[in-house]
Amino acid sequence: MISVVDKEIIRKLYNVQGKSIRWIARELGCARQTVRKAIQDAEPPKYNLTKPRPKPVIGQIKAILEQWMEEDKDSPLKQRHTGRRIYERLVEEYDYQGSESGIRRLLGQLRRKEKETFVPLEFTPGSNAQCDWCEATVVIAGAKTLAQVFLIRLGNSRMPFVMAFPHQRQEAFFEGMSQAFTFWGGVPHSITFDNLKAAVFKVLEGKSRIEQNNFISFRSHYLFESRFCNPGRGNEKGGIENFAGFVERNFFTPIPEVGTWEELNTCLVEKCLQYAKTHQVPGTKITVEAAWQAEKGHLLPLPKKHFDCCRRVEVEAAKNQLVRFENNFYSIPGAWVGQHLTLKAYVHQVEICSNRLTIASHRRSYARGEEVYDLDHYLETLYKKPGALEDARPFRRAKLPGIFQEYLTALKEHHRQPGREFVQVLMLHRETGWDILAGALKEGLRQGIYQAVGIRQILENMTGKHLVAAPPAPCRHHHLAGYKIDRPRVEKFDQLLGLKGMMVH
Numbered sequence: 000m001i002s003v004v005d006k007e008i009i010r011k012l013y014n015v016q017g018k019s020i021r022w023i024a025r026e027l028g029c030a031r032q033t034v035r036k037a038i039q040d041a042e043p044p045k046y047n048l049t050k051p052r053p054k055p056v057i058g059q060i061k062a063i064l065e066q067w068m069e070e071d072k073d074s075p076l077k078q079r080h081t082g083r084r085i086y087e088r089l090v091e092e093y094d095y096q097g098s099e100s101g102i103r104r105l106l107g108q109l110r111r112k113e114k115e116t117f118v119p120l121e122f123t124p125g126s127n128a129q130c131d132w133c134e135a136t137v138v139i140a141g142a143k144t145l146a147q148v149f150l151i152r153l154g155n156s157r158m159p160f161v162m163a164f165p166h167q168r169q170e171a172f173f174e175g176m177s178q179a180f181t182f183w184g185g186v187p188h189s190i191t192f193d194n195l196k197a198a199v200f201k202v203l204e205g206k207s208r209i210e211q212n213n214f215i216s217f218r219s220h221y222l223f224e225s226r227f228c229n230p231g232r233g234n235e236k237g238g239i240e241n242f243a244g245f246v247e248r249n250f251f252t253p254i255p256e257v258g259t260w261e262e263l264n265t266c267l268v269e270k271c272l273q274y275a276k277t278h279q280v281p282g283t284k285i286t287v288e289a290a291w292q293a294e295k296g297h298l299l300p301l302p303k304k305h306f307d308c309c310r311r312v313e314v315e316a317a318k319n320q321l322v323r324f325e326n327n328f329y330s331i332p333g334a335w336v337g338q339h340l341t342l343k344a345y346v347h348q349v350e351i352c353s354n355r356l357t358i359a360s361h362r363r364s365y366a367r368g369e370e371v372y373d374l375d376h377y378l379e380t381l382y383k384k385p386g387a388l389e390d391a392r393p394f395r396r397a398k399l400p401g402i403f404q405e406y407l408t409a410l411k412e413h414h415r416q417p418g419r420e421f422v423q424v425l426m427l428h429r430e431t432g433w434d435i436l437a438g439a440l441k442e443g444l445r446q447g448i449y450q451a452v453g454i455r456q457i458l459e460n461m462t463g464k465h466l467v468a469a470p471p472a473p474c475r476h477h478h479l480a481g482y483k484i485d486r487p488r489v490e491k492f493d494q495l496l497g498l499k500g501m502m503v504h
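With numbering that gives the first Met the number 0, letter number 499 in the sequence shown gets 498, and the count goes up by one each step, no holes.
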């Protein structure tokens, strides 16, 4: 092998003095091929092995290392072999006499050999979307909260949709996708997911999955196809994985401070629209917004009916008119005590139903052991037991305007049964609402009216409509309340007297 100095001499003789390759080879006593290589390359010469040097010790343990590396793929990340641990095991278990550096070199070679490469993807318009979750800290109504952020993005135009929730449960998962479809103006033909519990009940071999029944119903409603990544292979939907980091750094920095979840999600939609205007589809000069407008025509049409994005749970009301759901309690009207009911859990609301009739609706609580009351549910019970009124928890927690307590105090001075009379007054809110009723009570105190019938008359004067005078009897069949039957007209029987040959009994 010639030295770098010899290379320099050869290159000067050829390029500066114009000597031929044959002349240089004869004068320097080297092969013409060597001269040609020196002329073509000024780099320092390197020695290249024609075949690898034999490594008898390393060669024997290569199979062992490959086996341990294969086993590591199924182990937690922090419980996989390091180079040091492999060396220690070889010494302990196989009486290895070689150096640790040799083991590390072999380990590096094996890892480089199995290093995975990826293929950039380009989806046809409307064909696919990718879905994922991330977390972000937000301040809602003054309280710092860790929000679960739903992310979904169209594969062709890269148009995103982002929505924040208190959790990642199935009802939030469905609501996020449903809102995304409405936002996009259509449904992608397929969506790629992780093996999240909201969709997958069990992961089988290969691409096979046992899916959650509710997820199958949701997918059937919107008619898209589902694709699931292999376990631990989030790179199969790398586009949305990378976008999650962008959202955390840009949509949630600085930490948003809002009053409600609804306000936060309105801000996130605005950020999605702004992103679409200021970013281009990779590899093109087309903005995300322009590509999205072109992709809309390739999406599946939205169904006519919105999917009911809730989780259904069978419940039974106790005698205290409460049903239990997730360690919290929600009130129902007394007429349904002891019946089997269906509770529909939405992200921010719960509804309690008997068959298809909604009998109660409450804000959803994420506390533990909280009791959520609606005073109206207890009015029939309090009408029967007026002595319990002032100590009743639903009444004490109702947060009624102060005028209600003032009127109750006045009733005690002017009425023999103030509790029952006051309950009848409260029932009038069903016709007018609490605010108008509060105004009627102020007028009642001014005029010195201390009876429910008098307050009813004031309300009729204020609203211009006739109100129910007496409390309705409890009814288990409220779905029949809308039917009205005309009173029979007895004068019709007189017509029979005018018919010949007819006898009236």
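Positions of the beta carbon are idealized from the N, C-alpha and C atoms, including for glycine. Everything numeric in this text was worked out from a predicted model, so none of it was measured.
What does DSSP give as the partner residue(s) for E313 in the beta ladder? In the sequence shown, residue 313 corresponds to position 314, counting from 1. Beta-bridge pairing links E313 to T341.
Rank R310, L407 and G418 by C-alpha distance to the C-alpha of Q211 and give the top, closest one. Taking the first residue of the sequence shown as position 1, residue 211 is located at position 212. Selected option, being the one with the closest Cα: R310.
Tell me the residue span of the alpha helix (DSSP H) that contains M176. For the purposes of this step, residue 176 is taken as residue 177 along the sequence shown, with counting starting at 1. Start and end: Q169 to W183.
Please go through the stretch 245-288 and give each complete alpha helix (DSSP H) segment of 4 or more residues, from N-terminal end onward. 260-277
Within its chain, find whatever has a CB closer than 7 Å to the CB of C308; leave out the 5 residues flanking it on each side and keep chain order. Reading the sequence shown from its first residue, position 309 is the one you call residue 308. Hits under 7 Å: E170, F173, E174, S177 and Y345.
Have a look at F164, R31 and N213 and flag the residue whose alpha-carbon is nearest the alpha-carbon of H347. On the sequence shown, residue 347 is found 348 positions in, with the first residue counted as 1. Among F164, R31 and N213, the Cα nearest to that of H347 is on F164.
Assign I215 to buried or exposed, taking buried as 16 or more other Cβ atoms, counted over all protein chains shown, within 10 Å of its Cβ. As a first step, residue 215 is located in the sequence shown; it is residue number 216 there, counting from the start. Counting Cβ neighbours within 10 Å, I215 comes out exposed, since fewer than 16 surround it.
Ends of the alpha helix (DSSP H) at Y382? If you number the sequence shown from 1, residue 382 lands on position 383. From DSSP, the alpha helix (DSSP H) with Y382 extends over L378 to K383.
Are the CB atoms of V312 and F250 within a distance shorter than 8 Å? Here residue 250 is taken as the residue at index 251 of the sequence shown, counted from 1. Here residue 312 is taken as the residue at index 313 of the sequence shown, counted from 1. No; because the gap between Cβ atoms is not below 8 Å, this pair is not in contact.
Among I209, G184, Y13 and L399, which residue has its Cα nearest to the Cα of K303? Position 304 of the sequence shown holds residue 303. Distances from the alpha-carbon of K303 to those of I209, G184, Y13 and L399 put G184 closest.
Just to confirm, is the Cβ distance from P417 to L407 under 8 Å? What you label residue 417 is simply residue 418 of the sequence shown in a count that begins at 1. What you label residue 407 is simply residue 408 of the sequence shown in a count that begins at 1. Yes; because the gap between Cβ atoms is below 8 Å, this pair is in contact.
May I ask you to report which of helix, strand or coil DSSP gives R355? Counting from 1 along the sequence shown, the entry for residue 355 is found at position 356. Three-state DSSP puts R355 in coil, outside helix and strand.
What distance in whole Å lies between the Cβ atoms of E315 and L342, which are believed to be in contact at a cut-off of 8 Å? Position 343 of the sequence shown, counting from 1, holds the residue named residue 342. Position 316 of the sequence shown, counting from 1, holds the residue named residue 315. Actually they do not touch by this definition, with Cβ atoms about 10 Å apart.
In three-state terms, what does DSSP make of R226? The count along the sequence shown starts at 1 and reaches residue 226 at position 227. In this structure, R226 counts as strand in the three-state DSSP scheme.
Three or more C-beta pairs closer than 8 Å, one from the stretch 288-298 and one from the stretch 324-333: is that the case here? no
Which residue from Y372, N460 and G337 puts its Cα closest to that of T431? Reading the sequence shown from its first residue, position 432 is the one you call residue 431. The residue with the shortest Cα to Cα distance from T431 is N460.
Would a C-beta distance cut-off of 8 Å place T191 and C271 closer than the cut-off? What you label residue 191 is simply residue 192 of the sequence shown in a count that begins at 1. What you label residue 271 is simply residue 272 of the sequence shown in a count that begins at 1. Not in contact: T191 and C271 (Cβ atoms no closer than 8 Å).
Could you work out which residue in K77, M68 and K72 is closest to I85 when comparing CA atoms only? In the sequence shown, the residue the question calls residue 85 occupies position 86. It is M68.
By DSSP, does K143 sit in helix, in strand, or in coil? Here residue 143 refers to the residue found at position 144 when the sequence shown is read from its first residue. Reduced to three states, the DSSP call for K143 is strand.
Are the Cβ atoms of G154 and F182 separated by less than 8 Å? Here residue 154 corresponds to residue number 155 of the sequence shown, with the count starting at 1. Here residue 182 corresponds to residue number 183 of the sequence shown, with the count starting at 1. Contact: no.
Is it buried or exposed, V15, if we count other Cβ atoms within 10 angstroms and call 16 or more buried? Here residue 15 refers to the residue found at position 16 when the sequence shown is read from its first residue. Result: exposed.
For F122, which of helix, strand or coil comes out of DSSP? Along the sequence shown, one-based indexing puts residue 122 at 123. Of the three classes helix, strand and coil, the one that applies to F122 here is coil, per DSSP.
Whole-number beta carbon distance between A275 and E288, since they are thought to touch under 8 Å: Position 289 of the sequence shown, counting from 1, holds the residue named residue 288. Position 276 of the sequence shown, counting from 1, holds the residue named residue 275. With 8 Å as the limit, E288 and A275 qualify as a contact, their Cβ atoms being about 4 Å apart.
Please report the residue range of the alpha helix (DSSP H) in which P300 lies. Residue numbering aside, residue 300 sits at position 301 when the sequence shown is read from its first letter. Element bounds for P300: n/a, residue is neither H nor E.
Alpha carbon of Q59 to alpha carbon of K72, nearest angstrom: As a first step, residue 59 must be located in the sequence shown, where it is residue number 60. As a first step, residue 72 must be located in the sequence shown, where it is residue number 73. If you take the alpha carbons of Q59 and K72, they lie about 22 Å apart.
Smallest Cα separation from V268: which of Q78, D390, I151 and C29? Position 269 of the sequence shown, counted from the start, is the residue given in the question as residue 268. Nearest option by C-alpha distance: I151.
Given that a residue counts as buried once 16 or more other Cβ atoms are within 10 Å of its Cβ, and exposed if not, what is F242? Counting from 1 along the sequence shown, the entry for residue 242 is found at position 243. So F242 counts as buried.
Looking at I454 and V424, is the spacing between their C-beta atoms short of 8 Å? Within the sequence shown, numbered from 1, the residue matching residue 424 stands at position 425. Within the sequence shown, numbered from 1, the residue matching residue 454 stands at position 455. Yes, the pair counts as a contact, with Cβ atoms nearer than the cut-off.
Please report how far the alpha carbon of H361 lies from the alpha carbon of R355, in whole angstroms. For the purposes of this step, residue 361 is taken as the residue at position 362 of the sequence shown. For the purposes of this step, residue 355 is taken as the residue at position 356 of the sequence shown. Answer to the nearest angstrom: the Cα atoms are 17 Å apart.
Just list the alpha helix (DSSP H) runs in the stretch 67-115, keeping only unbroken ones of 4 residues or longer that don't cross its boundaries, in chain order. 82-93 and 99-112
Report the residue from S219, E240 and Y221 whose alpha carbon sits nearest the alpha carbon of C228. Sequence index remark: in the sequence shown, residue 228 carries index 229 (1-based). Nearest of S219, E240 and Y221 to C228, Cα basis: E240.
Tell me whether the beta-carbon of I525 lies closer than 8 Å to the beta-carbon of R10. Within the shown structure, residues of the chain are numbered from 0 to 504, placing residue 525 beyond reach of any answer.
Inter-residue Cα distance where the pair is I457 and G438: Your numbering for residue 457 matches position 458 in the sequence shown. Your numbering for residue 438 matches position 439 in the sequence shown. Each residue's alpha carbon lies about 9 Å from the other.
Those residues which DSSP pairs with W132 across a bridge: Taking the first residue of the sequence shown as position 1, residue 132 is located at position 133. Partner residues in the beta bridge of W132, as assigned by DSSP, are F149.
Any chance you could list the alpha helix (DSSP H) runs of at least 4 consecutive residues sitting entirely within the stretch 418-472, in chain order? 428-431, 433-446 and 451-462
Quick test of your reading: P281 and V138, contact by CB under 8 Å. State the CB separation rounded to the nearest angstrom. Taking the sequence shown and counting its residues from 1, one reaches residue 281 at position 282. Taking the sequence shown and counting its residues from 1, one reaches residue 138 at position 139. Rounded, the Cβ-Cβ distance is 34 Å, inconsistent with contact.
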